[in-house]
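Going by this note's numbering, the residue at position 196 of the sequence shown is 370; the numbering climbs one at a time, nothing skipped. A virtual CB, placed ideally from N, CA and C, is assigned to each residue, including glycine.
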Amino acid sequence: MTPTAEVLAWLDSPPALKARGSEKLEAGKARAIYGTSPVDQTIVAYLIGPLEKNLGRVKEFVNGHNGAHEVADIGSSLGNASIEDIECTMLDYADFNYQHTISVQTLLFEVIEEEVTTFLNPDLNRAARWAVLAQSRQYVKGPNCSKWNLVTQGMFSGVRSTDFMNMVLNDAYFLYAQELVSTNLGLEAVDLFRLHKGDDVWISNKSRLWAIEIHNCMAQAGFIFQGSKQ
Numbered sequence: 175m176t177p178t179a180e181v182l183a184w185l186d187s188p189p190a191l192k193a194r195g196s197e198k199l200e201a202g203k204a205r206a207i208y209g210t211s212p213v214d215q216t217i218v219a220y221l222i223g224p225l226e227k228n229l230g231r232v233k234e235f236v237n238g239h240n241g242a243h244e245v246a247d248i249g250s251s252l253g254n255a256s257i258e259d260i261e262c263t264m265l266d267y268a269d270f271n272y273q274h275t276i277s278v279q280t281l282l283f284e285v286i287e288e289e290v291t292t293f294l295n296p297d298l299n300r301a302a303r304w305a306v307l308a309q310s311r312q313y314v315k316g317p318n319c320s321k322w323n324l325v326t327q328g329m330f331s332g333v334r335s336t337d338f339m340n341m342v343l344n345d346a347y348f349l350y351a352q353e354l355v356s357t358n359l360g361l362e363a364v365d366l367f368r369l370h371k372g373d374d375v376w377i378s379n380k381s382r383l384w385a386i387e388i389h390n391c392m393a394q395a396g397f398i399f400q401g402s403k404q
């Protein structure tokens with residue numbers, strides 16, 4: 175079997191994300207890392223690779239920027255922070271990976287599946303279907319565990335879609351909170367500027383009340399933030 179044929183055969187394998195837990199030292203403390211198999215890594219990379227390349231076209235996303243482009247991003251943030259009467263908000267999620275539900279991970283890949291059907295690529299469609307089903311079949315095995323345990327909450331830190339999913343869901347959560355604040359409280363941002371990078375969110379606007387309510391809305395929805403960094 176050729177390497178290409180072997181990889182294509184993976185599309186017929188039972189959809190699942192199986193991660194093994196390990197630790198790495200980071201900033202003086204141990205951080206849990208959950209790495210999955212080459213099967214799901216390859217299938218998901220094939221599916222979302224083209225999307226990742228275009229994330230930088232979304233003006234609110236900081237993705238794949240380096241050199242002059244990265245400096246420009248910093249300049250934009252600095253420029254907005256220097257505006258008179260501006261209110262700057264930094265939403266710093268605590269362990270953002272753990273806060274994604276299984277259902278929202280599935281929903282994201284269902285949207286991707288719906289979109290890729292227009293490409294008329296049978297293999298891509300199969301990859302999308304595989305990825306959708308795999309989201310609800312996530313299993314983990316710790317360093318000292320002998321069996322696989324079903325995951326009911328959170329996203330693995332070592333899956334191929336970690337950064338992609340954090341970026342897109344980060345944006346979706348903000349947009350939903352913005353809509354709730356507008357609909358229920360009648361509050362709107364003034365001269366809104368925002369940037370999303372992974373699990374980091376930079377927000378600036380001229381309405382302090384709106385900024386407070388955006389944070390309150392997301393906190394009441396169940397999101398947990400690093401209190402010392404807000």
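In or out: residue i buried (at least 16 other Cβ within 10 Å) or exposed?
| i | result |
| --- | --- |
| L221 | buried |
| R231 | exposed |
| I217 | buried |
| V364 | exposed |
| T178 | exposed |
| S335 | buried |
| C391 | buried |
On the three-state DSSP scale, how would you describe residue i?
| i | result |
| --- | --- |
| C391 | helix |
| T326 | coil |
| F397 | coil |
For chain B, check one thing: does any of its Cβ atoms lie closer than 8 angstroms to the Cβ of residue i?
| i | result |
| --- | --- |
| T357 | Here there is only one protein chain, and chain B is not present. |
Between which two residues does the alpha helix (DSSP H) carrying residue i extend?
| i | result |
| --- | --- |
| D345 | 336–359 |
| W304 | 296–309 |
| V267 | For clarity, residue 267 is Tyr in the given sequence; the question names Val instead. That residue, Y267, is in no alpha helix (DSSP H); it is neither H nor E in DSSP. |
Run through the DSSP bridge pairs and tell me what residue i is partnered with.
| i | result |
| --- | --- |
| I207 | S196 |
| S378 | C262, F367 |
| F235 | H370 |
| L191 | Q312 |
Can you round the beta-carbon distance between residue i and residue j to whole angstroms, since I take them to be within the 8 angstroms contact cut?
| i | j | result |
| --- | --- | --- |
| D266 | F399 | 6 angstroms |
| A190 | R368 | At roughly 36 angstroms, the Cβ-Cβ gap does not stay under 8 angstroms, so A190 and R368 are not in contact. |
| T210 | F330 | 6 angstroms |
Locate the beta strand (DSSP E) running through residue i, then write down its first and last residues.
| i | result |
| --- | --- |
| G313 | Per the sequence presented here, residue 313 reads as Tyr, with Gly not at that position. That run of the beta strand (DSSP E) goes 312–315. |
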